[in-house]
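Chemist: One structure, as structure tokens, below. Some questions next.
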Amino acid sequence: LEKRLVRKEALEGSISAELKNEYKKRLAYELKTINEMGFAGYFLIVADFIDYARKSGIPVGPGRGSAAGSLAAYALKITDIDPIKYDLLFERFLNPGRISMPDIDIDFCIKNRDRVIDYVSNKYGRENVSQIITFGKMKARAVIRDVGRSLNMSYAEADRIAKLIPEGINITLDEAVDAEPQLKAMEEGTDDERRLLRISRSLEGLTRHASTHASGIVISDRPLVEYLPLFKGPNGEIMTQYTMDQVAQLGLIKFDFLGLKTLTVIQDTLNLIEKTTGQAVTLDEIKMGDSKTFQLISSGKTTGVFQLESAGMKELLRNLKPGVFEDIVASVALYRPGPLGSNMVDDFIKRKHGEIKETYLLPQLEAILNETYGVIVYQEQVMRIAQVLANYTLAEADLLRKVISKKKADEMAQQKERFLAGTGQNGLNSNKAGHVFELIEKFGGYGFNKSHSVAYAMIAYFTAYLKAHYPVQFMAALLTEDMGSQDKTIKNIAECKEMDIPILPPDINESQVDFSVVGKSIRFGLAAVKNVGFKAVEAIVHERERRGPFISLRDFCKRVDKSKVNKRVLEGLIQCGAFDFTGVFRSRLFASLNDAIAFGGISEDPNQLNMFNLFLSRKEEDSSFEPIDVDEWTDDEKLRKEKESLGFYITGHPLDRFADVIDQFATTTTQDLVRVKDKSTVKLAGLVNAIRIKRTRKGEKMAIINVEDKKGFTQVVVFPDVFARCATLLNDDRPLLITGDAEVSDNTAKIRAQDIVALETVKQRTINSIVIPVSQGGLNRSSLMKLKDLIFRYPGECQLKFRVTLDGNNQTTVIAHNRYNIMPEENLIKEIESLIGAKVISEV
Numbered sequence: 149l150e151k152r153l154v155r156k157e158a159l160e161g162s163i164s165a166e167l168k169n170e171y172k173k174r175l176a177y178e179l180k181t182i183n184e185m186g187f188a189g190y191f192l193i194v195a196d197f198i199d200y201a202r203k204s205g206i207p208v209g210p211g212r213g214s215a216a217g218s219l220a221a222y223a224l225k226i227t228d229i230d231p232i233k234y235d236l237l238f239e240r241f242l243n244p245g246r247i248s249m250p251d252i253d254i255d256f257c258i259k260n261r262d263r264v265i266d267y268v269s270n271k272y273g274r275e276n277v278s279q280i281i282t283f284g285k286m287k288a289r290a291v292i293r294d295v296g297r298s299l300n301m302s303y304a305e306a307d308r309i310a311k312l313i314p315e316g317i318n319i320t321l322d323e324a325v326d327a328e329p330q331l332k333a334m335e336e337g338t339d340d341e342r343r344l345l346r347i348s349r350s351l352e353g354l355t356r357h358a359s360t361h362a363s364g365i366v367i368s369d370r371p372l373v374e375y376l377p378l379f380k381g382p383n384g385e386i387m388t389q390y391t392m393d394q395v396a397q398l399g400l401i402k403f404d405f406l407g408l409k410t411l412t413v414i415q416d417t418l419n420l421i422e423k424t425t426g427q428a429v430t431l432d433e434i435k436m437g438d439s440k441t442f443q444l445i446s447s448g449k450t451t452g453v454f455q456l457e458s459a460g461m462k463e464l465l466r467n468l469k470p471g472v473f474e475d476i477v478a479s480v481a482l483y484r485p486g487p488l489g490s491n492m493v494d495d496f497i498k499r500k501h502g503e504i505k506e507t508y509l510l511p512q513l514e515a516i517l518n519e520t521y522g523v524i525v526y527q528e529q530v531m532r533i534a535q536v537l538a539n540y541t542l543a544e545a546d547l548l549r550k551v552i553s554k555k556k557a558d559e560m561a562q563q564k565e566r567f568l569a570g571t572g573q574n575g576l577n578s579n580k581a582g583h584v585f586e587l588i589e590k591f592g593g594y595g596f597n598k599s600h601s602v603a604y605a606m607i608a609y610f611t612a613y614l615k616a617h618y619p620v621q622f623m624a625a626l627l628t629e630d631m632g633s634q635d636k637t638i639k640n641i642a643e644c645k646e647m648d649i650p651i652l653p654p655d656i657n658e659s660q661v662d663f664s665v666v667g668k669s670i671r672f673g674l675a676a677v678k679n680v681g682f683k684a685v686e687a688i689v690h691e692r693e694r695r696g697p698f699i700s701l702r703d704f705c706k707r708v709d710k711s712k713v714n715k716r717v718l719e720g721l722i723q724c725g726a727f728d729f730t731g732v733f734r735s736r737l738f739a740s741l742n743d744a745i746a747f748g749g750i751s752e753d754p755n756q757l758n759m760f761n762l763f764l765s766r767k768e769e770d771s772s773f774e775p776i777d778v779d780e781w782t783d784d785e786k787l788r789k790e791k792e793s794l795g796f797y798i799t800g801h802p803l804d805r806f807a808d809v810i811d812q813f814a815t816t817t818t819q820d821l822v823r824v825k826d827k828s829t830v831k832l833a834g835l836v837n838a839i840r841i842k843r844t845r846k847g848e849k850m851a852i853i854n855v856e857d858k859k860g861f862t863q864v865v866v867f868p869d870v871f872a873r874c875a876t877l878l879n880d881d882r883p884l885l886i887t888g889d890a891e892v893s894d895n896t897a898k899i900r901a902q903d904i905v906a907l908e909t910v911k912q913r914t915i916n917s918i919v920i921p922v923s924q925g926g927l928n929r930s931s932l933m934k935l936k937d938l939i940f941r942y943p944g945e946c947q948l949k950f951r952v953t954l955d956g957n958n959q960t961t962v963i964a965h966n967r968y969n970i971m972p973e974e975n976l977i978k979e980i981e982s983l984i985g986a987k988v989i990s991e992v
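For the sequence shown, counting from 1, position 127 maps to 275 in our numbering; every step adds exactly one.
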């Protein structure tokens, strides 16, 4: 503790003797409680493996859950949260009046969590340490998919029905049928649909499979087989056959080792900062009142920021405009269904901005609630109110907190009587005291664990700080960590473009395994290329470091290990642009690949050189290799092949050429869709990423399509009336403008299509007429016949006019018969202008 206080003084200035005494008094109380409850060993075990992790360079979270309220945990460096500074309560974590095992959950860097488990296993004996089993249940969505497969239903159809089930934890099929009209209709639908629902209901809730618990570890003083049966998982891992709760009932001690991706992102960012700037930044140096960080958070530009990146949270932050760390803590606590659905969040925001005056029923409440503008946000505030107003001990107040969360009427009545008796002893007005209890009962039920909010708000602040001050390094680390998710990568690339950070395509001479920082740009990592496994990347980087950059495709084929880099790998590398440095068209490299492989295959082992090429430079060796002469791929072809090899577009996007049309006609993006009003009409520009066609009970065709834009993906439902009109447009990667009704719930959104049109025709639909300028001499017969052929190739609704220039620069307009009406597509306009040698005029 003394070391912690010395560090605190160094960062925050001198500490008064009174405050030091408060720390010592609190620590003495906690240690006394811990020892009396027999939990000293538990704390020391946790402190030991966290100490190992820190000394081994494995990132550890600042805290998690109620353990962040313990000063003893802070002194032992189990947590990095000062509980006195943030008024966190030890009794919320460990209550002598509520006998239960302490529960310290620890977040570790997700890449190195297994190293800590190995340390514990080696220290206490592998026979004494085990991971814990968990049993997956057949929940609503899973049971529909499983039963559908058993009934020989196509995966697409079963998946479509499963996705009709609303999002929500532990939602049942009965609840889903009541909430979703399409599921309700299936109860009276085809025999197959009724059978699917009937069997699924009978199986719902049964155990489906066994797997390893995400975090649970049990440590015993003796071999675990003396206490419980063990189980060997599919990868040879040992785990208990008893679940987490059953292990606890046996009296065994379990620990939660959680892997947190964000800790890996933070550490990778710090490593990139040091590598690119020479500056060794540590989290301890980060000031908690940094204006640039709060500016970023208040703007809602929090993609990639821990806990703050959902669309709903971004909106909350833009409205709240956090200015102090405590506002971030409150945001983490408030962004949950209860507070959001109770108008509590709006009230909190208005109070912060002075739109509603802060009022306190009793003056004693101000010191407890002023940091949350008079609103009860945390469970700890409920406990403090009971302590200050009604003479509860904090241990008793913790029991009140539990009763409020259970919402049992008889227990609440007993607590109310106890509360009013205590306030009466303090001479408080009984009416006001009764009203305070009603507020506790109402808002306390929504109250969140402040210890957890502070711990996670701290991680949020650190990630926001790094994004604000080191944006390129942060986004490179984030892209690397999200490499396996197409949806997240698209979102992160879009965020980089918003931040004016160029994303450079893969390059076999420049790219590392992961995404890397190049000046103020980010270079794609080779591991992000599809079908290029880690062994292939390792072979490429190793050869490049050993013998220098590759000079050509043929040089590459000759030097790399053929057992690790095959033709499929090379195709992906060419398609994504990794050989663009050669200056040869991608199409020619692709067409010449077989020759390059054969040519390079002369020497499988680069160490085995024949007498002739000992005297040649690599450039001279390569000069005899000529790529096959074929036309370069069109821009659309290049983008399509980039997507094939990467899973997303990188050097451009098919929507780029429609930017002006999208700005003019689209009203939302896939990212912003969750923020629009439910049932409102929206217009979305995007590409068809995937399509599932099905038939209704009447035998009519409809479709479920996944639509992609530059921000992400969303689902669009196309019912038979719209499908009949628009089916020919629903091709992969066809740029479309979709008009429809937004269906928004639980932070998810989709569109029910009303109309779908090709983007290239959107602007043309607003053009009423095309005016072709003609001189008095007119066009010769040959030109007229060519013009007539052009017009008949593009029939449409747009009127055709000729503006004829007469003597004296007078003009007259001749309107063509409606059988010559056209569709004013871009190609037609270009061909007409080329034919007549003049600019065509569009009239809207």
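Cβ coordinates follow ideal geometry from the N, Cα and C atoms, glycine included.
#1: Short check: CB of T818 to CB of T862, under 8 Å?
#2: Count the other CB atoms, across all protein chains shown, that sit within 10 Å of the CB of A675; report buried if there are 16 or more and exposed otherwise.
#3: To which residues of the same chain is L237 closer than 7 Å at the C-beta, ignoring the five residues directly before and after it?
#4: Counting C-beta neighbours from all protein chains within 10 Å, is the total for Y303 16 or more, i.e. buried, or is it exposed?
#5: How many whole angstroms separate the CB atoms of V988 and I918, which I take to be in contact at a CB cut-off of 8 Å?
#6: For the structure I just gave you, are there three or more beta carbon pairs, one from the segment 718-729 and one from the segment 649-664, closer than 8 Å?
#7: Once you ignore the five residues that flank F442 on each side, which residues in its own chain have a CB closer than 7 Å to its CB?
#8: From N958, I963, V922, V864, pick the residue whose C-alpha is nearest to that of N916; which is it?
#9: Nearest-angstrom Cα distance between Y521 and G582?
#10: Could you tell me the boundaries of the beta strand (DSSP E) in which T887 lies?
#11: At what residues does the alpha helix (DSSP H) containing G460 begin and finish?
#12: Judging by CA-CA distance, which residue of P511, G245, V194 is the nearest neighbour of L224?
#13: So, are the CB atoms of N709 and P802 less than 8 Å apart?
#14: Below 8 Å on the Cβ atoms is my contact criterion, and I expect G448 with L465 to pass it. Report the Cβ-Cβ distance as a whole number of Å.
#15: Give the single residue among R734, L835, F622, S479 whose Cα lies nearest to the Cα of E790.
#16: Should M933 go down as buried or exposed, given a rule of 16 or more other Cβ atoms within 10 Å for buried?
#17: With H, G and I counted as helix, E and B as strand and the rest as coil, what does DSSP make of Y526?
#18: Name the one or two DSSP bridge partners that T818 has.
#19: If I'm right that E514 touches M560 with Cβ under 8 Å, what's the distance once you round it to whole angstroms?
#20: Nearest to K849 by alpha carbon, out of R873, E856, K831, G834?
#21: Considering only DSSP beta bridges, list what D1010 is partnered with.
#22: Leaving out five residues on either side along the sequence, give the residues of the same chain with a beta carbon under 8 Å from the beta carbon of V373.
#23: DSSP three-state label for Q723, please.
#24: Quick check on the DSSP output: the beta strand (DSSP E) that includes G834 runs from which residue to which?
#25: Does the Cβ-Cβ distance between K409 and I313 come in under 8 Å?
#26: On the three-pair Cβ rule with 8 Å, is the segment 345-363 touching the segment 285-299?
#27: Which parts of the segment 577-627 are runs of the alpha helix (DSSP H), unbroken and 4 residues or longer, counting only runs that do not cross its ends?
#28: Tell me which residues share the same chain as F704 and place their Cβ nearer than 6 Å to its Cβ, disregarding the 5 neighbours each side in the sequence.
#29: Tell me whether the beta-carbon of F813 lies closer than 8 Å to the beta-carbon of K831.
#30: Identify whether R694 lies in helix, strand or coil by the three-state DSSP scheme.
#31: Can you find the residues in the same chain that come closer than 7 Å, C-beta to C-beta, to D495, ignoring five residues on each side of it along the sequence?
#32: If contact is defined by three or more beta carbon pairs under 8 Å, each pair taking one atom from either stretch, is the segment 596-608 in contact with the segment 444-458?
#33: Below 8 Å on the Cβ atoms is my guess for V855 versus L835; work out the distance and round it to an integer in Å.
#34: Decide if R212 is buried, meaning its Cβ has at least 16 other Cβ atoms within 10 Å, or exposed.
#35: For the segment 233-278, list the alpha helix (DSSP H) runs that are entirely contained and at least 4 residues long, ordered along the chain.
#36: Taking just the CA atoms, how far does K285 sit from N318?
Modeler: Result, derived from the coordinates:
#1: yes
#2: Answer is buried; the Cβ neighbour count reaches 16.
#3: G217, E528, M531, L542
#4: exposed
#5: 6 Å
#6: Here the segment 718-729 lies against the segment 649-664, with 3 or more beta-carbon pairs under 8 Å apart.
#7: P470, G471
#8: I963
#9: 21 Å
#10: Taken as a continuous stretch (DSSP letters only), the beta strand (DSSP E) holding T887 covers 883-893.
#11: Per DSSP, G460 belongs to the alpha helix (DSSP H) from 459-468.
#12: V194
#13: Here residue 709 is Asp; the residue named in the question, Asn, does not match the sequence. Result no, Cβ atoms of D709 and P802 do not sit closer than 8 Å.
#14: The C-beta distance from G448 to L465 rounds to 5 Å, short enough to fall under 8 Å.
#15: R734
#16: exposed
#17: strand
#18: None; T818 has no bridge partner.
#19: The beta-carbon separation of E514 and M560, rounded to 26 Å, does not stay under the 8 Å limit for a contact.
#20: R873
#21: Here the chain covers residues 149 to 992 and nothing more, so residue 1010 does not appear.
#22: E275
#23: DSSP, read as helix, strand or coil, puts Q723 in helix.
#24: For G834, the uninterrupted beta strand (DSSP E) segment begins and ends at 829-843.
#25: no
#26: yes
#27: 578-592, 598-617
#28: F698
#29: yes
#30: helix
#31: Annotation for D495: I504, V523 place their beta carbon closer than 7 Å to its own, counting only its chain and skipping 5 residues before and after.
#32: yes
#33: 7 Å
#34: buried
#35: Taking 4 residues as the shortest admissible run, the segment 233-278 contains the following complete alpha helix (DSSP H) segments, listed from N- to C-terminal end: 261-272.
#36: 10 Å
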